Each structure stands twice: as C-alpha cells, then as structure tokens.
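Colleague:
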Amino acid sequence: MLASIALESLSRDLAKAIGTLGLADVKFGVPDLVEKPAKQAEEIFQGYAKAKPSKEDAYAAALAFLRGTKLDEWQRDMVASALCVPVREQSGATVVGAQERFLNLLETYRDEAKCGDLWRLTWHGLLYSYFNFDLDAAKSASVHTGWEALRDFLAETWPFVDKQTEGNLVPAWVSVIRQEVELLSKQPVDKYANAFLRGDTSGIDRLASDLGIPPSSWFWHALVLSAVKQATTESDTKFRERLPQLLDLIRSKPGFRDEALEFILNRYHACQGAPADERLRDFVCQPTVWKNPKLKAAGIATAWNRVPEAVWKMVLAWVNEQNLKDFFDILAARNKADEGRLAFWSKYLKQISWTRLLFGADTMALQKANAEVRNLIAREEGSYAQLTGKPEVDAFMMQLGPYVVIEFSKKPNACYVYEADQLPFEPYDRYYDGGTSDLAAGYRSDVNYALRIVHRVGWDDRAEIDLRQLGIQPDARSGTNTFRTTAAKAESTKTSYDKPGRPSISAASKMHGGPDLAIVKAIVSRFNRAIVDDRRNLPNGGRLWVADPLQRTQLSAELERMGFKWSDRRLAWYFPEN
Numbered sequence: 023m024l025a026s027i028a029l030e031s032l033s034r035d036l037a038k039a040i041g042t043l044g045l046a047d048v049k050f051g052v053p054d055l056v057e058k059p060a061k062q063a064e065e066i067f068q069g070y071a072k073a074k075p076s077k078e079d080a081y082a083a084a085l086a087f088l089r090g091t092k093l094d095e096w097q098r099d100m101v102a103s104a105l106c107v108p109v110r111e112q113s114g115a116t117v118v119g120a121q122e123r124f125l126n127l128l129e130t131y132r133d134e135a136k137c138g139d140l141w142r143l144t145w146h147g148l149l150y151s152y153f154n155f156d157l158d159a160a161k162s163a164s165v166h167t168g169w170e171a172l173r174d175f176l177a178e179t180w181p182f183v184d185k186q187t188e189g190n191l192v193p194a195w196v197s198v199i200r201q202e203v204e205l206l207s208k209q210p211v212d213k214y215a216n217a218f219l220r221g222d223t224s225g226i227d228r229l230a231s232d233l234g235i236p237p238s239s240w241f242w243h244a245l246v247l248s249a250v251k252q253a254t255t256e257s258d259t260k261f262r263e264r265l266p267q268l269l270d271l272i273r274s275k276p277g278f279r280d281e282a283l284e285f286i287l288n289r290y291h292a293c294q295g296a297p298a299d300e301r302l303r304d305f306v307c308q309p310t311v312w313k314n315p316k317l318k319a320a321g322i323a324t325a326w327n328r329v330p331e332a333v334w335k336m337v338l339a340w341v342n343e344q345n346l347k348d349f350f351d352i353l354a355a356r357n358k359a360d361e362g363r364l365a366f367w368s369k370y371l372k373q374i375s376w377t378r379l380l381f382g383a384d385t386m387a388l389q390k391a392n393a394e395v396r397n398l399i400a401r402e403e404g405s406y407a408q409l410t411g412k413p414e415v416d417a418f419m420m421q422l423g424p425y426v427v428i429e430f431s432k433k434p435n436a437c438y439v440y441e442a443d444q445l446p447f448e449p450y451d452r453y454y455d456g457g458t459s460d461l462a463a464g465y466r467s468d469v470n471y472a473l474r475i476v477h478r479v480g481w482d483d484r485a486e487i488d489l490r491q492l493g494i495q496p497d498a499r500s501g502t503n504t505f506r507t508t509a510a511k512a513e514s515t516k517t518s519y520d521k522p523g524r525p526s527i528s529a530a531s532k533m534h535g536g537p538d539l540a541i542v543k544a545i546v547s548r549f550n551r552a553i554v555d556d557r558r559n560l561p562n563g564g565r566l567w568v569a570d571p572l573q574r575t576q577l578s579a580e581l582e583r584m585g586f587k588w589s590d591r592r593l594a595w596y597f598p599e600n
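Below you can see the structure in the form of structure tokens.
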C-alpha cells in the first residue's frame with residue numbers, strides 16, 4: 023500500500039516537474055532546447071530514487087523495534103535505513119545486533135522481495151545500513167553476525183530488485199550495483215585494492231559518492247586490509263618499500279588491524295634475511311596494538327598467538343637487540359659505565375631469548391625532562407620493572423640459553439649469571455631492591471650463582487672464557503646460533519640427572535623405542551609449571567606430551583635432544599610414533 027502511494031506521488035511530482043520545466047512545450051528536433059530541462063528532470067528523479075526517511079522517523083522505528091514493539095508496514099520501511107544506528111535509550115544497541123528478531127525482520131523483507139512487493143527505496147535503505155556499519159562502534163559478535171546476514175540478504179535479493187528496475191529512468195545506485203555487484207560479496211573490495219595501493223582513489227571516491235558510503239564505513243577498513251594483502255604478493259623489495267604506507271593506512275583505518283598485521287608480519291618473515299625494521303617493530307609493539315612480544319609468555323600480549331612462533335621470535339629478537347643497545351647507550355652511558363659491555367654482549371645477540379629493563383628512581387624521574395628516556399620507558403610499557411634500592415642504578419636482564427644474566431648501569435656492581443631455573447628472585451616481579459636480597463644475591467656466600475663478572479681491565483677476555491665453560495660461545499659469523507647447553511655437551515656421556523649405572527637419556531630412548539617416562543618426569547620436574555601428559559595408554563591412543571607455559575629454552579633443548587617434536591597447534595612438545 024505504502025509503495026503504491028509513494029509511486030503515485032513520485033509520478034505526480036515528475037509530471038509536475040515536466041510541466042514546470044517546460045518539457046511539454048519544447049520542440050522536438052531541437053536538442054539544445056530539450057537538454058537542460060531533461061537534465062533537470064533526471065536530477066529530480068535521481069533525488070527521489072535514493073531518498074531516505076527522516077533520521078528522526080528511522081530512529082523512532084529502530085527504538086520501537088528494540089523495545090519489542092511489533093512494527094507496522096510504515097515502520098518496517100522506516101527502520102531499514104537505521105539498522106546499524108546505535109540507540110541511546112537501549113544503551114547503544116542496534117537493530118542489526120538483535121539476533122533472532124533481526125533475522126525474522128530480514129525474512130519478512132525477503133518474502134516481499136520474492137513477491138515483487140518490496141519497495142525499492144526500502145531495499146535502498148537496507149543497502150544504506152549495510153554501508154553505514156561502523157566497525158569501531160560495533161564490538162559484539164552478534165552485531166557482526168547480523169551485519170553479515172544483512173550482506174547475504176542483499177546479495178540474495180538483488181536480482182529481484184534489479185529485475186523490477188527497467189526502462190530508461192534507472193537510479194544511479196542501481197546502475198552502480200549492476201556494475202559492482204562484488205560489493206555484496208564476501209570479498210567486496212578486492213577489485214579496488216590495487217588502485218587504492220597506487221594512490222588512485224578517483225574511481226573509489228565516485229563509487230562512495232554514488233552509494234553514499236560514509237568515511238566511518240567498514241568499506242574503508244576492508245579496503246586497507248585488501249591493500250595489505252595485495253602488497254604481500256609483491257617482491258621483497260617492493261613490499262618493504264610499501265611498509266610505511268601500509269602502516270599509515272592501518273593507523274588511519276584500524277578496523278581490521280590485527281588481520282592486516284598478521285599478513286604483514288608473516289610476509290616480512292619470508293623476506294630474504296628479514297632484517298630488523300624499526301617502524302614495523304615500534305608500531306606492532308605499542309601497548310595499544312600487540313604489546314611487547316616479551317609479554318607473550320606471561321599471557322598478557324596474547325595477540326602474538328596470531329602468528330607462528332618463528333615470526334614472534336623474529337620480532338622478539340628485534341626488541342631484545344634494541345633493549346641491549348638502549349641499556350648501554352642510554353642508561354649505562356649516563357654513568358660512563360659501558361666499558362665495552364655493549365660490544366661484548368652484542369657478540370651473543372642471536373642467542374638472547376629474553377630481555378627485561380629495570381629502571382631506578384632517577385631514570386623514572388628523568389623521563390619528564392628527557393625525551394629519549396621517556397620514549398624508552400614508553401616502549402617497555404607493561405614489561406619493565408622498577409628498582410627500589412639505589413636510585414641512580416638501573417639494571418638489565420637477559421637470558422642466554424639456560425642462564426639469566428644481570429648487568430647494572432653503574433660501578434661497582436658486578437654482573438651476575440644465574441641458572442634460569444634456580445634464580446634467587448622471580449623474573450617477572452614488578453619491583454626489586456637491586457641489591458643482595460635479589461638481583462645481586464650471588465654476592466652472598468649462601469646463594470649459588472653460575473658466574474660473577476667484575477668489570478676490571480681485561481674483564482671481557484676473562485668473561486668470554488668463563489662463558490665458554492658454561493657452554494655459551496659467541497655467535498658464529500655466519501649468523502647461526504652456536505649456543506650449546508651443558509646437557510647438550512654431555513650427550514655422549516652421563517647427564518647431571520642420570521644416576522650411576524643408568525644408561526644415558528638418548529641411549530634409553532633407543533633401547534625402549536621411546537623415552538624413559540621416569541627420566542622425562544625427572545627432567546620436567548625441574549621446571550616449575552611444566553607438565554607431562556602421557557596419553558599413550560588411552561583407549562583411543564595418543565602421544566607423550568610435555569607442555570611448558572613459559573617455553574624455556576633449556577627444557578626445549580633437552581626435549582629436542584631426546585627426540586621430541588614441537589607442535590604449533592598445541593604449543594607443546596610430543597614424542598612422535600615409530
């Protein structure tokens with residue numbers, strides 16, 4: 023009924039416009055006299071063809087729907103253009119997020135479309151809602167599910183609307199959809215990504231204007247993601263050249279930020295050599311983005327689970343390298359206490375699996391006046407600790423294989439090396455004294471330490487010899503990791519936890535077709551929170567698993583030596599079947 027009245031009104035208004043514009047009196051065969059009135063009539067028609075109800079009427083219909091009121095025919099037409107509008111009186115809820123009730127509403131529209139009774143302007147209102155979906159304002163899964171249902175509905179019913187639109191007077195938005203029907207698919211923007219990446223936005227801007235796509239629409243966010251995907255198909259050189267542009271695009275339209283970063287990080291890892299990229303590192307490690315990769319083990323930076331471990335380790339290595347340079351270039355250098363320590367520890371850079379900066383009170387206060395220090399602390403947000411002892415001292419933790427090294431920024435503090443599983447302090451505490459009660463506990467006779475390095479003349483040569491005795495050698499020039507754990511050196515002999523008369527672990531594994539469970543449990547028991555999960559005797563069969571939530575390097579080396587394999591899916595070690 024409403025559609026018929028509207029069409030009659032439109033016909034009357036167009037007839038009136040023809041009379042007003044003088045089309046009835048023009049002389050045929052005189053193009054110049056016809057062109058201007060005809061153009062004006064076309065503009066009036068296009069205006070009616072994409073007309074929308076007032077925002078107030080549409081909003082009122084959306085509010086009534088969310089309150090549970092049964093909508094009449096007029097309200098159903100009105101609410102079509104307000105499906106994604108947050109309703110204040112309903113705590114920002116939207117019609118599209120109303121789950122089952124919204125799906126029932128779509129079913130009503132679908133029945134009308136199949137019968138040819140759905141008003142074309144109502145369908146246009148649904149299209150308007152589709153493009154007005156704002157990713158930033160819609161966080162719940164139900165809202166996204168409803169929007170996807172709306173997209174599928176438009177794709178399904180478009181042929182019915184297209185069939186109803188015949189003749190010479192065709193609305194501009196109908197002409198656009200006829201040419202760009204991919205906009206209603208699950209890959210709506212892929213065809214425009216290449217031009218967008220080149221900076222050619224003229225066609226996209228026209229498209230947005232014809233369809234009324236607002237700047238806040240999901241469309242632009244999806245376009246950025248598609249552009250990122252396109253860039254990852256290019257050569258290493260071209261891809262790396264585009265990185266600044268891609269990061270700028272993600273900053274401006276972050277709706278699919280995490281998905282875009284997945285593509286970028288995985289592609290960068292595949293680049294030849296994959297050298298550290300400061301821009302990419304600083305962007306992804308922001309506290310408001312994926313956070314510092316060092317926090318993954320603590321269960322804080324969970325976004326890093328989106329990429330393979332090798333990709334996470336790549337960025338972690340970039341962060342560790344920067345931490346090492348920051349500590350000695352910024353913190354230790356303030357006290358003229360470097361003494362070649364940056365150059366020394368840089369020789370072991372590829373073996374550093376974890377780092378942590380610990381700031382004294384003076385450094386925390388200095389951030390107010392020193393931009394360099396302020397930026398350093400900001401980069402380490404969520405992962406740094408504070409020293410409550412001597413205010414002028416900072417410290418640096420780093421893990422080399424099964425050892426944790428503690429360096430201090432000021433004399434006369436020595437450097438202490440502890441076994442990672444026998445630390446006299448908790449590695450993730452937020453506060454430390456920094457003295458003999460925790461970090462420098464090795465100074466005391468009652469506390470075990472693996473090595474104590476005093477920075478006197480010739481310290482670096484002595485320290486390299488001492489580290490070799492622990493199984494830690496400088497990085498090979500080829501870039502391969504030459505770290506050997508103490509247990510790995512003892513592979514051909516009895517290990518520290520083998521009892522007299524018992525075969526070595528590797529020999530026991532070969533003898534029994536698998537590792538000795540008692541030995542495995544003995545090893546794992548030395549690592550807090552690590553567990554053994556033996557599923558080999560279950561009715562449905564299974565494997566022998568070892569899970570370590572902290573993913574410690576020493577335990578990994580022991581398990582790998584015994585023949586265990588790593589599972590990316592379960593993030594745990596398993597012993598493969600014969």
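The opening residue of the sequence shown carries number 23 in our numbering; numbering runs sequentially from there. Ideal Cβ placement from N, Cα and C applies to all residues, glycine included. Predicted model, so just to flag it, every value in this text is computed and none were measured.
1. Please say whether residue 574 and residue 442 have beta carbons closer to each other than 8 Å?
2. Roughly how many angstroms lie between the CA atoms of residue 596 and residue 279, to the nearest whole one?
3. Is the distance from the Cβ of residue 422 to the Cβ of residue 370 below 8 Å?
4. Helix or strand or just coil, what does DSSP make of residue 235?
5. CB residue 168 to CB residue 218, shorter than 8 Å?
6. In chain order, what residues of the same chain lie with their CB nearer than 7 Å to the CB of residue 411, ignoring the 5 residues before and after it?
7. Give a yes or no on contact between the region 325 to 340 and the region 287 to 296, applying the rule of three or more CB pairs nearer than 8 Å.
8. If you drop the 5 nearest sequence neighbours on each side, which residues of the same chain put their C-beta closer than 6 Å to that of residue 156?
9. Residue 569 lies in the beta strand (DSSP E); which residues open and close that run?
10. How many angstroms separate the CA atom of residue 366 from the CA atom of residue 160?
11. According to DSSP, which residues form a beta bridge with residue 458?
12. May I ask you to verify whether the region 135 to 142 touches the region 181 to 191, counting CB pairs closer than 8 Å and requiring at least 3?
13. Using only the alpha-carbon positions, how far apart do residue 212 and residue 245 sit?
14. Put residue 441 into one of helix, strand or coil per three-state DSSP.
15. Please say whether residue 379 and residue 435 have beta carbons closer to each other than 8 Å?
16. Between the alpha carbons of residue 73 and residue 200, how many angstroms are there, rounded?
17. So, with DSSP's three-state summary, where would you put residue 109?
18. How should residue 587 be labelled, buried or exposed, when 16 other C-beta atoms within 10 angstroms of its C-beta is the threshold for buried?
19. Scan the region 134 to 166 and note each continuous beta strand (DSSP E) run of 3 residues or more that stays entirely inside, going in chain order.
20. Have a look at residue 87 and residue 128 and give me their C-alpha separation to the nearest angstrom.
21. Give me whichever residues DSSP pairs with residue 408 in a beta bridge.
22. Leaving out the 5 sequence neighbours to the left and right, which residues in its chain are closer than 7 Å to residue 326 when beta-carbon positions are compared?
23. Taking the straight line between their C-alpha atoms, what separation do you get for residue 415 and residue 498?
24. Could you check which residue in 564, 561, 538, 580 has the C-alpha nearest to that of residue 548?
25. Return the first residue and the last residue of the beta strand (DSSP E) that residue 555 is part of.
26. Would you decide whether residue 453 is buried or exposed? Buried here means 16 or more other CB atoms lie within 10 Å of its CB.
Modeller: Concretely, from the data shown:
1. yes
2. 34 Å
3. yes
4. coil
5. no
6. 455, 456, 457
7. yes
8. 238
9. 566 to 569
10. 51 Å
11. Per DSSP, none; premise fails for residue 458.
12. yes
13. 7 Å
14. strand
15. no
16. Caution is warranted here: a pLDDT of 48 is assigned to residue 73, below 50, making its placement in the model unreliable, and the coordinate value is therefore given only provisionally. Their Cα atoms are separated by approximately 19 Å.
17. strand
18. exposed
19. none
20. 13 Å
21. 381, 453
22. 312, 315, 318, 334
23. 33 Å
24. 580
25. 553 to 556
26. exposed
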